[in-house]
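Colleague:
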Amino acid sequence: MKKKHEEEHENVERWLLTYSDLITLMMAFFVILFAMAQVDAAKFKTLSQSLSMAFGAHGGSGGTNMLTNFQGARVAPPSISVMSEDSQFNDVMKLIREYTNQAGISKSVQASIQERGLVLNLADTVLFESGKADLSPHAQEILDHLAEIIFSTGRMIRVEGHTDNVPINTARYRSNWQLSTDRATNVIMYWISKYPDAGPRLSAGGYGEFRPIATNQTAEGRTKNRRVEIVLLRQETADKEPGAKPAEAPAR
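Residue numbers for the sequence shown follow the working numbering, beginning at 74 and rising by one.
(1) Measure the CB-CB distance between I178 and V199 and report whether it falls below 8 Å.
(2) Any heavy atom of the ligand MG within a distance shorter than 7 Å of the CB on Q175?
(3) Please return the same chain residues whose Cβ sits closer than 6 Å to the Cβ of T288, not counting the five positions on each side in sequence.
(4) Rounding to the nearest angstrom, what Cα-Cα distance links N259 and A101 in this structure?
(5) Could you give the distance in angstroms between the alpha-carbon of I286 and the alpha-carbon of M99?
(6) Using the beta-carbon count (16 or more within 10 Å), is I265 buried or exposed?
(7) Could you tell me how far apart the beta carbons of G234 and A257 are, in whole angstroms, since I believe they sit closer than 8 Å?
(8) In chain order, which alpha helix (DSSP H) runs of at least 4 residues are fully inside the region 198 to 244?
(9) On the criterion of 16 or more Cβ atoms from any shown chain inside 10 Å, does N138 qualify as buried, or is it exposed?
(10) My output table needs one value for R247: the three-state DSSP class, helix, strand or coil.
(11) Among L252, G227 and I261, which has the Cα closest to the Cα of A311?
(12) Please state the DSSP three-state secondary structure of R295.
(13) Along the alpha helix (DSSP H) that carries A311, what are the first and last residues, could you check?
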């Protein structure tokens with residue numbers, strides 16, 4: 074009779090252990106769901122510590138270790154700064170789209186959020202004549218409107234010139250490198266002439282035909298590749314730029 078009583082007691086203990094493990098797994102799953110929905114690491118830490126104490130109080134096997142290991146496995150929560158940047162970029166895109174729709178150039182000026190920042194893609198035809206880098210009066214008007222929107226962000230801005238792969242060899246331009254570089258530089262120089270204080274935050278570069286966004290085998294693809302990109306850099310990207318910090322004014 075005593076042996077039977079001991080077996081029943083042992084079975085109860087096994088059942089409680091299994092139940093405790095199940096509760097532990099459920100609570101750990103809840104922590105995962107909570108962590109996925111939250112950005113505040115401090116709140117997550119507080120919650121996980123509370124749950125760890127609860128697991129200990131219920132005698133669950135491995136509960137505390139599971140939480141500790143889970144916290145260690147979370148490399149990093151989504152960066153709050155990145156989320157703030159995307160929020161700012163979305164606001165800027167909204168303003169740009171409102172302007173381009175009103176101006177009737179929405180198909181020629183497009184914006185997208187990318188890993189390096191907010192990229193404004195301007196078709197070459199809204200800024201330049203074919204094979205030239207001089208800004209048209211209409212281009213200056215467009216750049217003025219864009220400057221009013223993007224300069225207020227305080228971000229580093231990089232202007233990039235791009236071409237298709239059709240060779241150019243004129244009296245002024247002997248390569249697509251020269252053409253693309255001059256186009257980007259002329260955008261920068263125009264802005265500096267109007268907004269000199271923005272100079273330290275501006276940079277320009279030309280990439281010729283070597284960074285296409287479409288095939289160069291079709292006329293449509295080549296049209297897409299002939300463009301100027303204005304990039305509002307993410308802070309992480311801007312910090313890697315040569316001379317990212319504005320130079321100090323020379324002593325007088």
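No residue lacks a Cβ here, since even glycine has one placed at the ideal position from N, Cα and C. Predicted model, so just to flag it, every value in this text is computed and none were measured.
Modeller: Working from what's here:
(1) Residue numbering aside, residue 178 sits at position 105 when the sequence shown is read from its first letter. Residue numbering aside, residue 199 sits at position 126 when the sequence shown is read from its first letter. Contact: yes.
(2) You won't find the ligand MG in this model; it holds no ligand whatsoever.
(3) Taking the sequence shown and counting its residues from 1, the one referred to as residue 288 is at position 215. Cβ within range, chain order: G294.
(4) For this step, residue 259 is matched to residue 186 along the sequence shown. For this step, residue 101 is matched to residue 28 along the sequence shown. The straight-line gap from Cα to Cα measures roughly 58 Å.
(5) Locating residue 286 in the sequence shown gives position 213, where the first residue counts as 1. Locating residue 99 in the sequence shown gives position 26, where the first residue counts as 1. Rounded to whole angstroms, I286 to M99 spans 47 Å at the Cα level.
(6) Position 192 of the sequence shown, counted from the first residue, corresponds to residue 265. I265 should be labelled exposed.
(7) Numbered from its first residue, the sequence shown carries residue 234 at position 161. Numbered from its first residue, the sequence shown carries residue 257 at position 184. With a Cβ gap of about 4 Å, G234 and A257 count as contacting.
(8) Entirely contained in the region 198 to 244, the alpha helix (DSSP H) runs reaching 4 residues are, in chain order, 210 to 223.
(9) The residue labelled residue 138 in the question sits at position 65 within the sequence shown. At N138, the pLDDT of 47 sits below 50, so the modelled position is not reliable; the number obtained from the coordinates is stated separately. So N138 counts as exposed.
(10) Taking the first residue of the sequence shown as 1, we reach residue 247 at position 174. Of the three classes helix, strand and coil, the one that applies to R247 here is coil, per DSSP.
(11) In the sequence shown, residue 311 corresponds to position 238, counting from 1. Selected option, being the one with the closest Cα: G227.
(12) As a working mapping, residue 295 is identified with position 222 in the sequence shown. Three-state DSSP puts R295 in a helix.
(13) If you number the sequence shown from 1, residue 311 lands on position 238. In the DSSP annotation of this structure, the continuous segment of the alpha helix (DSSP H) that includes A311 starts and ends at Q308 to A311.
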